[in-house]
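One structure is given here, and the rest of the page talks about it.
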Amino acid sequence: MHPMSAKRTMRKSGAKAPTKKPSRRRAAVRKSTQLAPMQAELVPIAPARLVPAAEAPAEERAARVLAARLAGAPATTKRAVVGDLCDWSAWAGRGRDEIVGTALLLGDRGLVAEAVGHYRAAMMERGLSSATISRRLSTLRSVVAKARELGVVDFDLPKPRVASEPRRARPTPSVAEVGKVVSSLIDSTDPRAIRDLALVRLMAATALRRESVVGLDVRDVDLARGRLFVRTNKGKRTVAAGGEEHTIPSPVVAGLRLWKAFREKAGTWQPDSPLFTGFRRGAKDLERLHGRGLARALERLGRRAGVDLQPHGLRRWAVTTGASLGFDLEQLRALARHRSVKTTEKSYLERHDSETAATVSEKLGALLG
């Protein structure tokens, strides 16, 4: 009988065909095929070129050092590093190019140190603040440290020591000035004005930091209960699970309701979407408003109203105005979410008069129209 006929007969009768033991070669192939996905996850793929950074061409060497320096850094840090390297390369007369700026740090130790010294003196002559000078020198130092880690150079730059000048305190807007900004936004149907009204009212009534405001999502706001859940705090650290619950006064709720109505009409009011979005040309509809965008928005409002308005100014306004309303230092500390009352007194109050943060917010909200 033909082998195929025998298989058909066994299939019809229900008999089980004898299993054929696979050959060693087939078993090995099957085993390697089964392990391939796991091995791909556990064993990193080797790079196409295993040339050490120190042996790579000059431009590639600089690009690899810069890529290693920026790897894993937050977006804000990446922007700052690239900007500092561009300024360094522009000062050297090589154009604003971060790769060129990195390459200028990978030369002779004495020449690099001398050039950095002249760069520091040039920045001081330009009248840059000590904070800016220190940051830019620290950027150069961190790039050289990464290059040494990769074996490209064998030296480090010294830690920058720049005498810091007294901080120039920006003026805190008055109640009348903040009221003037709010009045210029009320009754406007412009989407940007609707958003800015909600922003100003929220920041002035709650003394929230800028990173806390831009980190809010739609799900963090309960307009029916007048509650706000803040999930990020100073330094962009995540706070307690579920966030810290804060009370928002009725003017803030009203401003957020107008912003919600606009977003719902546009179909962008979703729980996981950012609470405040930007209006940058060509950007996506749900692009989150970042800290610098928030500062620019407030500066634009201030120029129109003739007021010096910036994010921390609204925070100071909330604390100092709360003090003038008669709230004690502990209540103001709770409003500002400081760990110590000394921070509140030293940083925000020149004098203070001897309820809860929610009560302070309610009275501040009453001043916002």
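First residue of the sequence shown: 2, per our numbering; consecutive thereafter. For each residue, glycine too, the CB sits at the ideal point set by N, CA and C.
Assigned exposure category for residue i - 16 Cβ within 10 Å defines buried
| i | result |
| --- | --- |
| M204 | buried |
| R196 | buried |
| Q332 | buried |
| S251 | exposed |
| D188 | exposed |
| H247 | buried |
| A72 | exposed |
| A206 | buried |
| T77 | exposed |
| F280 | exposed |
| R317 | buried |
| P275 | buried |
| R334 | buried |
Nearest to residue i (by Cα), restricted to the options the options
| i | options | result |
| --- | --- | --- |
| A63 | D88, G94 and V101 | V101 |
| Q311 | A324, G323, G294 and G327 | G294 |
| D109 | G96, R80 and V153 | V153 |
| L224 | R281, P161, G96 and A255 | A255 |
| L158 | P172, K181, A132 and L107 | L107 |
| L336 | G111, E245 and P275 | E245 |
| K79 | E115, H119, V144 and A93 | V144 |
| A81 | R301, R137 and G268 | R137 |
| P172 | A324, V342, H313 and S130 | H313 |
| I249 | A208, V117 and R334 | A208 |
| A61 | E99, D273 and F280 | Note on residue identity: the sequence assigns Glu, not Ala, to residue 61. That would be E99, whose Cα lies nearest to the Cα of E61. |
| L198 | D273, G303 and R334 | G303 |
| L290 | K347, R193, P75 and H119 | R193 |
Residue span of the beta strand (DSSP E) that contains residue i, given as start and end
| i | result |
| --- | --- |
| H291 | Careful: H291 lies outside any beta strand (DSSP E) and carries neither H nor E. |
| T248 | E245 to T248 |
| L229 | R228 to V231 |
Opening and closing residue of the alpha helix (DSSP H) in which residue i lies
| i | result |
| --- | --- |
| F328 | From DSSP, F328 is part of no alpha helix (DSSP H); its letter is neither H nor E. |
| L200 | P192 to T207 |
| H119 | R110 to E126 |
| S130 | First-last for S130: undefined, no H or E at that position. |
| G94 | Where G94 is concerned, there is no enclosing alpha helix (DSSP H), given that its DSSP letter is neither H nor E. |
| G256 | S251 to A267 |
| V182 | V176 to L186 |
| L67 | A59 to L71 |
| E56 | Unbroken run through E56: none, as it is neither H nor E. |
| S213 | R211 to V215 |
Nearest-angstrom Cα separation, counted from residue j out to residue i
| i | j | result |
| --- | --- | --- |
| G128 | V183 | 35 Å |
| S185 | L299 | 13 Å |
| R149 | L315 | 44 Å |
| L257 | D191 | 14 Å |
| A319 | R220 | 25 Å |
| L217 | W260 | 14 Å |
| R65 | W270 | 42 Å |
| F156 | A146 | 8 Å |
| A132 | K266 | 45 Å |
| D309 | R228 | 29 Å |
| V117 | G84 | 16 Å |
| R264 | V222 | 14 Å |
| R226 | P174 | 30 Å |
| F277 | A262 | 13 Å |
| A324 | R70 | 46 Å |
| S130 | K160 | 17 Å |
| G297 | E288 | According to the sequence provided, residue 297 is Arg. The question's Gly does not apply to it. Taking the straight line joining both Cα atoms gives about 16 Å. |
| G268 | K343 | 46 Å |
| S429 | F230 | Within the shown structure, residues of the chain are numbered from 2 to 370, placing residue 429 beyond reach of any answer. |
| G111 | H119 | 13 Å |
| L200 | K347 | 27 Å |
Cβ-based neighbour list, residue i, same chain, cut-off 8 Å, excluding 5 preceding and 5 following
| i | result |
| --- | --- |
| P19 | Because P19 sits at a pLDDT of 49, beneath the cut-off of 50, its placement in the model cannot be relied upon, and the point is left open. |
| A306 | E178, K181, V182 and S185 |
| R97 | C87, D88, S90 and A91 |
| L105 | W89, S90, A93, R95, V113 and A116 |
| A74 | V82 |
Nonlocal neighbours in the same chain, by C-beta distance under 7 Å from residue i, ignoring five residues either side
| i | result |
| --- | --- |
| I134 | R121, M124, M125 and V163 |
| P53 | G152 |
| G292 | R211, E212 and V215 |
| A57 | R65 |
| H339 | T345 |
| T103 | A63, V66, L67, L86 and V144 |
| L141 | W89, L106, V117 and L158 |
| S139 | P161 |
| A59 | A104 |
CB contact check: residue i to chain C, cutoff 9 Å
| i | result |
| --- | --- |
| S131 | Looking for chain C here will not work: only one protein chain is present. |
Close beta carbons around residue i, own chain, < 6 Å, minus the five adjacent residues each side
| i | result |
| --- | --- |
| R202 | P252, V253, G256 and L369 |
| D273 | none |
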